[in-house]
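**Q** Heads up: the sequence shown begins at 4 in the working numbering, then just goes up one per residue. Positions of the beta carbon are idealized from the N, C-alpha and C atoms, including for glycine.
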Amino acid sequence: MFLQTFLISCISFVPLEVDSSQSSIEGTFEQSTFLPGTLIGNWDAVENPEGTSTIEGVWGGSGNNFIPCELTPTLSGPFNSLCSGNVSIEPDAVFEMLTVDGFVLSSFNDALGTFQVTLGMLYETFRSVQPGSLYPGGIQVDIPLGEGSLDVLQFEQVASAQTKLIPAGDKTWSFVADIPVTVTMEMTVFETPSGPIVTPGLLQLTGTLVKKGNAYEFTASTSIGSKEFIEDVPIEFENVPFEAPTIIPSGQIAHLLLSAQAEYATLTMQTNIQITAVGEVATAGDVNGDGVVGVNDLLAIVAAWGPCAECNEDINNDGLVNVTDLLEVIGFWSGS
Numbered sequence: 004m005f006l007q008t009f010l011i012s013c014i015s016f017v018p019l020e021v022d023s024s025q026s027s028i029e030g031t032f033e034q035s036t037f038l039p040g041t042l043i044g045n046w047d048a049v050e051n052p053e054g055t056s057t058i059e060g061v062w063g064g065s066g067n068n069f070i071p072c073e074l075t076p077t078l079s080g081p082f083n084s085l086c087s088g089n090v091s092i093e094p095d096a097v098f099e100m101l102t103v104d105g106f107v108l109s110s111f112n113d114a115l116g117t118f119q120v121t122l123g124m125l126y127e128t129f130r131s132v133q134p135g136s137l138y139p140g141g142i143q144v145d146i147p148l149g150e151g152s153l154d155v156l157q158f159e160q161v162a163s164a165q166t167k168l169i170p171a172g173d174k175t176w177s178f179v180a181d182i183p184v185t186v187t188m189e190m191t192v193f194e195t196p197s198g199p200i201v202t203p204g205l206l207q208l209t210g211t212l213v214k215k216g217n218a219y220e221f222t223a224s225t226s227i228g229s230k231e232f233i234e235d236v237p238i239e240f241e242n243v244p245f246e247a248p249t250i251i252p253s254g255q256i257a258h259l260l261l262s263a264q265a266e267y268a269t270l271t272m273q274t275n276i277q278i279t280a281v282g283e284v285a286t287a288g289d290v291n292g293d294g295v296v297g298v299n300d301l302l303a304i305v306a307a308w309g310p311c312a313e314c315n316e317d318i319n320n321d322g323l324v325n326v327t328d329l330l331e332v333i334g335f336w337s338g339s
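1. Along the beta strand (DSSP E) that carries THR121, what are the first and last residues, could you check?
2. Among PHE118, GLU73 and ASN45, which one has its Cα closest to the Cα of PHE32?
3. I need the straight-line Cα distance from LEU78 to ASN291, nearest angstrom please.
4. Helix, strand or coil for PHE9? Go by DSSP, reduced to three states.
5. Cα-Cα, which of ILE333, GLY228, ILE169 and PRO196 is closest to ASP95?
6. Taking only three categories from DSSP, how would you classify GLY198?
7. With DSSP collapsed to three states, give me the class of ILE43.
8. Give me the Cα-Cα distance between THR327 and ALA287, rounded to the nearest whole angstrom.
9. Classify LEU302 as buried or exposed, calling it buried when 16 or more other Cβ atoms lie within 10 Å of its own Cβ.
10. Considering only residues of the same chain and omitting the five flanking positions on each side of ALA263, which have a CB-CB separation below 7 Å?
11. Cβ atoms of GLY151 and THR191: under 8 Å apart, would you say?
12. Are the segment 169-183 and the segment 140-149 touching, with three or more C-beta to C-beta distances below 8 Å?
13. Nearest to PHE232 by alpha carbon, out of PRO252, PHE245, MET272 and VAL243?
14. ALA257: which of ASP47, TYR219, SER136 and LEU212 sits nearest, CA to CA?
15. Report back the beta-carbon spacing between GLU189 and VAL155 to the nearest angstrom; my notes put them in contact at under 8 Å.
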């Protein structure tokens, strides 16, 4: 009995799979990017002679000129998504400890999170030709530009975490675990993917662990808020068509091309996560995987006795099949 109790207290990691039907992530999101750049009319002497041309200032000038501008696209709004993932746990009921490792949680796997995109535009005074209009500069103009998307939101554990198990009923424990993670996001703005944006984070999971027969159910929730300043944002675009309503006089559309390269971004997010993960405990000592710990497992241990790297008979993974592995089979003996 002592041997079996000792072995139970040393149970190996149990892999759990996040149940997508009972797991979700919701919150609010705002991402703003500072992109200095230029705008220019789409006029071309050969390809588009009837297009719009742009000229700096209020008076004088000719041709089609680049106009310095600053763009601040903002992608913002609420989101809600089912999530999937995995986590491995090592519960120790004897010493009432829980180790959590390999936590990975992903959302927007089936549908992207779509958000309203607003473009803040600050430019120097210029004029357009075809149609003719004056665009007074120095005042930011906010222009709704349809939708962008949050394509990837993933949390991935970067170091193992250990916490106390608190008895909360028959084969039930509560816990609070601090999980260090990286948060990876990918967005699409102006049909241009951002690429992975990775920031550090800490998830404080508050939850319950329940043992049901040979399986564990791991439920947890957490809230995380962050505000990040991100340099070297991989967003760059060139000659994106932009339809600009005329200002003085109004009533027409100037056809412009926007080019810009991001310098930095700010990212603000408030997230609430609810997960349920389940998984079965592998039968300890069941070397041949038939669900019974018996004579066949004992014979397999004897046959593989000695150095044996990465073999099933090396139950404790120390590179040797020896008396330690034999005792585990005996300790969990369940059949012939």
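**A** This is what the structure gives:
1. To locate residue 121, count along the sequence shown from 1; it is residue 118. 116-126 is the extent of the beta strand (DSSP E) around THR121.
2. Locating residue 32 in the sequence shown gives position 29, counting from the first residue. Looking at the Cα atoms, PHE118 is the closest of the given residues.
3. Position 75 of the sequence shown, counting from 1, holds the residue named residue 78. Position 288 of the sequence shown, counting from 1, holds the residue named residue 291. Their backbone Cα atoms lie some 54 Å apart in a straight line.
4. Residue numbering aside, residue 9 sits at position 6 when the sequence shown is read from its first letter. Low confidence applies to PHE9: its pLDDT is 39, below 50, so where it sits in the model is not reliable, and the reading given next is rough at best. In this structure, PHE9 counts as helix in the three-state DSSP scheme.
5. One-based indexing of the sequence shown puts residue 95 at position 92. It is ILE169 whose Cα lies nearest to the Cα of ASP95.
6. Locating residue 198 in the sequence shown gives position 195, where the first residue counts as 1. Note: GLY198 maps to coil in three-state DSSP.
7. On the sequence shown, position 40 is the one that residue 43 refers to. If DSSP states are grouped into helix, strand and coil, ILE43 belongs with the strands.
8. By 1-based counting over the sequence shown, the position of residue 327 is 324. By 1-based counting over the sequence shown, the position of residue 287 is 284. When rounded, the distance between both Cα atoms is 13 Å.
9. Start at 1 with the first residue of the sequence shown, and residue 302 comes out as number 299. Under this definition LEU302 is an exposed residue.
10. Within the sequence shown, numbered from 1, the residue matching residue 263 stands at position 260. Contacts found: LEU38, PRO39, GLY40, LEU74 and PHE240.
11. Residue numbering aside, residue 191 sits at position 188 when the sequence shown is read from its first letter. Residue numbering aside, residue 151 sits at position 148 when the sequence shown is read from its first letter. Yes, they are a contact pair.
12. Counting Cβ pairs under 8 Å, fewer than three are found: no touch.
13. Numbered from 1 along the sequence shown, position 229 holds the residue referred to as residue 232. Cα-wise, what sits closest to PHE232 is MET272.
14. As a first step, residue 257 is located in the sequence shown; it is residue number 254 there, counting from the start. Nearest C-alpha to ALA257: SER136.
15. Numbered from 1 along the sequence shown, position 186 holds the residue referred to as residue 189. Numbered from 1 along the sequence shown, position 152 holds the residue referred to as residue 155. With 8 Å as the limit, GLU189 and VAL155 qualify as a contact, their Cβ atoms being about 4 Å apart.
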